[in-house]
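Protein chains in written order, with full-length UniProt numbering: chain A, 1 to 286; chain B, 1 to 185.
Cβ atoms here follow ideal geometry from the backbone N, Cα and C, with glycine treated the same way.
First comes the structure, then the notes that go with it.
What follows is the structure in structure tokens.
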């Protein structure tokens, strides 16, 4: 008997012996349970649109460090730390962090950072919609040469049940802080806006996207909420995306223009992001 | 893709790959409870990341990759049980019981000891090739390395397994002798 066959024979069971397993009661019950589980919303990519940065400024949560999006940073890497809350890989000149707790303990994360030599990296938790806890919402640094990269979209491929991920240059110097979301308490104002139509939000299930601004505003008021406006200006350089002009007075809003998105800070105010008309003139800087 | 489309696609993938992922877990877990946890958690992740699940054969390799990481997390003591899968666990208990007797008989002659001498990475490479029946390109996909690296590592793992077998089989023959003398009395 050759060695391959010897090894193969040590299998407890081979796939051919499991024929029909996919339709057993156990398989059916598991399938039913899984598809009844609520799925988190698709991860929204930070900095893909300048709007997010602007909203960050509006909430006094300005991101000093640029977080850019890359498809993945998988490749040759070495795991240097792992706990319930975070796994850390060394990937070339960077540390890659994979967060697995929706409501992490900052002390535990900072202990992990210290373990890999990042003694000046701290964690700040900010209240966000309970629909998107654990996400990375910012990275602040004093080292001008350091870079941070958001890699959350593909992190489950590296660590099971990974919620979000980012990487940072390993030789970062000086104080730095990563800002992570924690589920807001009931009634607590969010530090980062959420889609107002998500389950649990102020306009759960109400679709305002695409409706004229005047009609959307009426719906918001019918729910006892206050309307605020933003205008989403297309990027001038032709790139995909837009910049949001916040706190726009109602007098500048064309009531017939469509709403791009309705967002909530959980404070009774719904921010309607309206698409400006083609003839509208953007203000300086937009 | 809307919720109903996602459900339909997930169910199709689940039915198509379930036997392979179940087999993967059962072959690597010493208890039916652990195997059921691995299967359940792997598919929970797939459901939540259905948009990222590749189509076709690549989807199965992606699931193997997820299962591998779920298993690694379990071995580190991390368990995230989001489903109650008692029926699946019950089914696996029967499966484990049915195969335990055969396993005891086959484990003789130093094979298990040889497996114990191998590094986890060597065992996993051999298992992916010989249990899951993956070629080096597919193994590379699961392990996130190049095809060439997978081929070389697999070659080395086979060589180390052969050496380990030589070592344990010779000692197994030596150790067996007193037992034969005792039985012949």
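Coil, strand or helix - residue i by DSSP
{"i": "residue 8/A", "result": "helix"}
{"i": "residue 150/A", "result": "strand"}
{"i": "residue 284/A", "result": "coil"}
{"i": "residue 68/A", "result": "Confidence in residue 68/A is poor, its pLDDT being 34 and thus under 50, which makes the residue's placement unreliable; the coordinate value appears in the next sentence. Note: residue 68/A maps to strand in three-state DSSP."}
{"i": "residue 194/A", "result": "strand"}
{"i": "residue 60/A", "result": "Reliability fails at residue 60/A, whose pLDDT of 27 lies under 50, so the model's placement of it is uncertain and the value that follows must be treated cautiously. Reduced to three states, the DSSP call for residue 60/A is coil."}
{"i": "residue 44/A", "result": "In this prediction, residue 44/A scores a pLDDT of 35, lower than 50, which makes its location untrustworthy; no coordinate-derived value is stated."}
{"i": "residue 142/B", "result": "helix"}
{"i": "residue 159/A", "result": "coil"}
{"i": "residue 32/A", "result": "helix"}
{"i": "residue 266/A", "result": "coil"}
{"i": "residue 16/B", "result": "helix"}
{"i": "residue 49/A", "result": "Bear in mind that a pLDDT of 32 at residue 49/A, under 50, signals an unreliable position, so the model cannot answer this."}
{"i": "residue 24/A", "result": "coil"}
Bridge partner(s) assigned by DSSP for residue i
{"i": "residue 79/A", "result": "89/A"}
{"i": "residue 124/A", "result": "179/A"}
{"i": "residue 138/A", "result": "179/A"}
{"i": "residue 233/A", "result": "243/A"}
{"i": "residue 273/A", "result": "230/A and 261/A"}
{"i": "residue 94/A", "result": "91/A and 169/A"}
{"i": "residue 287/A", "result": "Only positions 1 to 286 of chain A appear in this structure, which leaves residue 287/A out of reach."}
{"i": "residue 212/A", "result": "258/A"}
{"i": "residue 248/A", "result": "229/A"}
Own chain residues within Cβ distance below 8 Å of residue i, not counting five before or after
{"i": "residue 154/B", "result": "125, 126, 129, 136 and 139"}
{"i": "residue 130/A", "result": "183, 184 and 200"}
Minimum C-alpha distance to residue i - residue among the options
{"i": "residue 16/B", "options": "89/A, 96/A, 27/A and 7/A", "result": "27/A"}
{"i": "residue 14/A", "options": "7/B, 5/B and 28/B", "result": "28/B"}
{"i": "residue 51/B", "options": "36/B, 157/B, 70/B and 7/B", "result": "7/B"}
{"i": "residue 142/A", "options": "177/A, 110/A, 163/A and 108/A", "result": "177/A"}
{"i": "residue 120/B", "options": "13/B, 72/B, 54/B and 147/B", "result": "72/B"}
{"i": "residue 84/A", "options": "171/A, 94/A, 29/A and 108/A", "result": "108/A"}
{"i": "residue 146/A", "options": "172/A, 280/A, 225/A and 204/A", "result": "172/A"}
{"i": "residue 63/B", "options": "97/B, 14/B, 37/B and 87/B", "result": "14/B"}
{"i": "residue 163/B", "options": "49/B, 37/B, 57/B and 122/B", "result": "122/B"}
{"i": "residue 124/A", "options": "228/A, 103/A and 115/A", "result": "103/A"}
{"i": "residue 111/B", "options": "131/B, 169/B and 146/B", "result": "169/B"}
{"i": "residue 277/A", "options": "202/A, 31/A and 253/A", "result": "253/A"}
{"i": "residue 150/A", "options": "101/A, 106/A and 96/A", "result": "96/A"}
{"i": "residue 88/B", "options": "113/B, 74/B, 70/B and 41/B", "result": "41/B"}
{"i": "residue 134/B", "options": "58/B, 3/B and 26/B", "result": "58/B"}
{"i": "residue 99/B", "options": "35/A, 135/A and 18/A", "result": "18/A"}
Other residues of its chain near residue i: CB distance less than 6 Å, five sequence neighbours each side excluded
{"i": "residue 284/A", "result": "none"}
{"i": "residue 10/B", "result": "47 and 50"}
{"i": "residue 6/A", "result": "none"}
{"i": "residue 187/B", "result": "Residue 187/B lies beyond the residue range present for chain B, which begins at 1 and ends at 185; the question has no answer from this structure."}
{"i": "residue 121/A", "result": "113 and 176"}
Sequence-distant residues of its chain with Cβ nearer than 7 Å to residue i (five each side left out)
{"i": "residue 68/B", "result": "142"}
{"i": "residue 21/B", "result": "39, 42, 63 and 67"}
{"i": "residue 53/B", "result": "13, 46, 59 and 62"}
{"i": "residue 286/A", "result": "233, 243 and 245"}
{"i": "residue 255/A", "result": "212, 213 and 214"}
Touching by the beta-carbon criterion (3+ pairs, under 8 Å), the stretch 89 to 97 of chain A and the stretch 165 to 176 of chain A: With the rule of 3 Cβ pairs closer than 8 Å, the stretch 89 to 97 of chain A counts as touching the stretch 165 to 176 of chain A.
Cβ pair count under 8 Å reaching 3, the stretch 201 to 211 of chain A against the stretch 253 to 270 of chain A: Touching, yes, given that three or more Cβ pairs across the two stretches are closer than 8 Å.
Touching by the beta-carbon criterion (3+ pairs, under 8 Å), the stretch 20 to 38 of chain B and the stretch 93 to 100 of chain B: Because the criterion of three Cβ pairs below 8 Å is met, the stretch 20 to 38 of chain B and the stretch 93 to 100 of chain B touch.
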